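Residue numbers (the numbering used here): 262 to 769.
Idealized CB from N, CA, C, for every residue including glycine.
Keep in mind it's a predicted model, so treat the numbers as computed, not measured.
Reading through the structure tokens given below for one structure.
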Amino acid sequence: MKKRTKLLTGALTVLAGVLLLSSCTASFCSETDKAHILYAFDYGVSDYYDAEQEGAELPEGAKPVFEGNTKVYYTVNVPTNNASGIGRANGEAAKAGLQTPSNTYFVKVDQYVLDNALKSYKGASYDTSTITFSDVVVALDQFGYQKFSGEKLWDNWTKMNQDIKSMTSDPANGITLDDIPTNDYLTLYKNGLNTIISSYRSCLSISTAEFGYYGYANGAKYRASDKVPVQIEAKTWANAWNVNGKFTFFEGLLVYPIGWLVETFVSSFKNGGVAGGLAQLLAIFLITFIVRSLMLAVTIKSTAANAKMQQLQPEITKIQNKYPNSNTNNYEKQQMAAEMQKLYKKNKINPLSSLLVMVVQFPVFICVWGALQGSASLSSDALFNLHLSDSINTVLFNAANWGNGSAIAALILFLLMAAAQVVSMLLPQWIQKVKRKKIASLGKNPAQTQQQNTMKMFTYIMMAMIIFMGFTLPSAMGVYWFVGALFSIVQTLIIEKITANRAKKKGR
């Protein structure tokens with residue numbers, strides 16, 4: 262019982278180590294990237310209209326965006342969706358009994374953001390009377406994100422609120438202290454948006470471009486769609502060693518190179534005419550093959566030793582059967598250990614060599630996880646409506662996804678991944694079970710039985726952990742584990758065949 266407790270404790274320690282190391286896998290999202298993402302979740306309350314096209318069909322209550330401008334009008338549409346910054350903050354404020362800002366404040370914010378965007382786009386002295394609908398669209402699309410940027414994230418937003426508050430001192434500005442938000446509301450708003458974007462880490466890109474799909478379900482009129490891609494800055498290998506001002510060893514050593522390969526493969530496949538979702542799938546297949554092949558090259562001696570040890574299992578079983586009381590009798594225990602050591606030495610096997618495999622696999626697994634999670638390309642496009650940057654459980658637990666087919670795709674991926682993992686991890690045990698049946702047992706050996714039960718329990722725990730993480734991590738990891746499991750199955754069968762042939766030649 263004590264050994265089982267130790268085994269369970271060890272497994273939990275491994276899980277804790279995985280979670281700890283994964284938390285050390287830094288996000289490649291820069292302050293500018295985050296500002297772009299934030300803007301997708303709050304681009305204001307103003308819906309803009311092209312008066313030159315719509316003319317008399319402008320909605321009731323529409324007002325000119327600038328005094329004297331007859332080209333662009335706007336109406337107020339305060340979002341109520343909990344995924345938007347304003348909608349979430351208003352909802353939380355209502356629950357807490359806090360005062361929410363007036364529409365006058367939200368419109369002032371939009372005017373402030375639009376004015377700064379137009380200054381960046383048209384120049385500081387632009388003529389408000391000549392601004393067109395196209396100018397508004399381009400300016401906000403290119404520079405609206407500055408609402409949340411600055412020297413640090415939120416700097417411009419903080420200054421904007423200070424400036425709007427200062428406007429209340431002059432009645433001519435049309436805004437009073439009753440219109441502006443309280444500090445508690447601003448805290449709710451800021452914390453809410455930080456919560457929304459905290460899960461987005463797909464910012465590892467090798468070229469500056471638009472990636473992903475961000476936003477919510479009732480966007481402003483000038484937007485092409487509700488969920489939009491945002492601009493992500495290119496990251497270099499030099500950046501990977503110092504992410505956001507912190508020295509990041511694993512990001513530079515493995516995460517960025519793996520991510521670079523993902524981005525390169527996806528881009529190459531798409532340029533070759535392959536659809537985006539399929540290009541991502543093929544890229545992960547290649548990454549899995551490359552990573553697993555390199556790991557096999559590094560651990561080939563350990564892998565061969567493990568295979569040879571499995572091939573010796575009949576002889577090991579015979580030795581264990583000679584000492585049925587080794588679990589309680591120290592003399593038998595020592596004799597059995599001596600014979601086992603002699604057998605290992607004769608066949609040039611180090612029983613601890615399997616530890617090398619684990620030492621290599623653990624950080625590589627974390628780094629692949631970080632690379633696939635951080636890949637900007639995997640956050641764009643979809644395969645059967647499934648975005649590989651989304652976790653399987655998130656997709657399955659969203660009722661809307663069962664209608665568009667993405668939940669079905671996620672479920673099939675999970676079942677394939679889980680089945681492949683079960684086969685790959687239990688295959689060595691199944692092979693050994695067949696071999697043991699060919700050996701005449703001299704009786705039950707408690708030490709042997711306990712060892713076998715311990716190994717089974719360890720395998721089951723590790724298998725359950727991988728399946729659980731495959732359920733909660735990005736779908737790309739599910740694909741990686743599925744392909745990796747197939748690789749392991751083929752590797753096990755090939756090594757078993759080679760060692761069996763060698764054993765026959767030696768007459769064993």
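Next on the checklist: On the CB-based measure, 16 or more other CB atoms within 10 Å of its CB, does Gly348 come out buried or exposed?
Outcome noted: Buried, because 16 or more other Cβ atoms sit within 10 Å of the Cβ of Gly348.
Item to check | Pairwise C-alpha distance: Ala598 and Gln690 | outcome: If I take the Cα positions, the gap works out to 23 Å.
Item to check | Three-state secondary structure (DSSP) of Asn343 | outcome: Note: Asn343 maps to coil in three-state DSSP.
Checklist entry - Assuming Pro735 and Leu633 make a contact with CB atoms under 8 Å, what is their CB distance in whole Å? => result The pair is a contact, with the Cβ atoms about 6 Å apart (cut-off 8 Å).
Checklist entry - What's the C-alpha gap between Met724 and Lys295? => result Between Met724 and Lys295, the C-alpha separation is close to 36 Å.
Item to check | For Ala385, three-class secondary structure by DSSP | outcome: Residue state, collapsed to three classes: coil.
Next on the checklist: Three or more C-beta pairs under 8 Å: does that hold for the segment 434 to 444 against the segment 320 to 333?
Outcome noted: At 8 Å Cβ cutoff, the stretches do not touch.
Checklist entry - For Gly476, which residues of its own chain have a beta-carbon under 7 Å away from its beta-carbon, when the five flanking residues on both sides are left out? => result Ala301, Phe302, Asp487, Lys488, Val489, listed in sequence order.
Checklist entry - With a Cβ-Cβ cutoff of 8 Å, do Val523 and Leu639 count as a contact? => result When the beta-carbon positions are compared, Val523 and Leu639 come within less than 8 Å of each other.
Checklist entry - Starting from Val203 and walking both ways along the beta strand (DSSP E), at which residues does that stretch end? => result Given a span of 262 to 769 for the chain in the structure shown, any question on residue 203 remains unanswerable.
Item to check | Terminal residues of the alpha helix (DSSP H) in which Thr448 lies | outcome: Here the alpha helix (DSSP H) through Thr448 covers 444 to 458.
Next on the checklist: In this structure, how does DSSP classify Ala470 when only helix, strand and coil are distinguished?
Outcome noted: Reduced to three states, the DSSP call for Ala470 is strand.
Item to check | Pair within 8 Å by beta-carbon distance, Ala637 and Ser395 | outcome: Cβ atoms of Ala637 and Ser395: not closer than 8 Å.
Item to check | Spatial neighbours of Tyr334 in its chain, beta-carbon cut-off 7 Å, leaving aside the 5 residues before and after | outcome: Cβ within range, chain order: Tyr310, Ala312, Leu319, Ala323, Lys324, Pro325, Val326.
Checklist entry - DSSP on Asp642, reduced to helix/strand/coil? => result Coil.
Next on the checklist: Considering only their Cβ atoms, is the gap separating Asn608 from Leu573 smaller than 8 Å?
Outcome noted: Leu573 places its beta carbon less than 8 Å from that of Asn608.
Checklist entry - So what does DSSP say about Asn417, is it helix, strand or coil? => result Of the three classes helix, strand and coil, the one that applies to Asn417 here is helix, per DSSP.
Checklist entry - Exposed or buried, which one is Leu555 when buried takes at least 16 other CB atoms within 10 Å? => result Leu555 should be labelled exposed.
Item to check | Residue interval of the beta strand (DSSP E) (run including Val337) | outcome: Counting along the chain, the beta strand (DSSP E) containing Val337 begins and ends at 333 to 337.
Next on the checklist: Could you check whether Tyr446 and Pro362 sit closer than 8 Å to each other, using their CB atoms as the reference points?
Outcome noted: Going by C-beta atoms, Pro362 is nearer than 8 Å to Tyr446.
Item to check | Neighbourhood of Trp498 by C-beta, 6 Å cutoff - its chain only, sequence neighbours within 5 removed | outcome: If we look at Trp498 and ignore the five residues flanking it on each side, its Cβ neighbours are Tyr517.
Item to check | Asn659, DSSP secondary structure in three states | outcome: Three-state DSSP puts Asn659 in coil, outside helix and strand.
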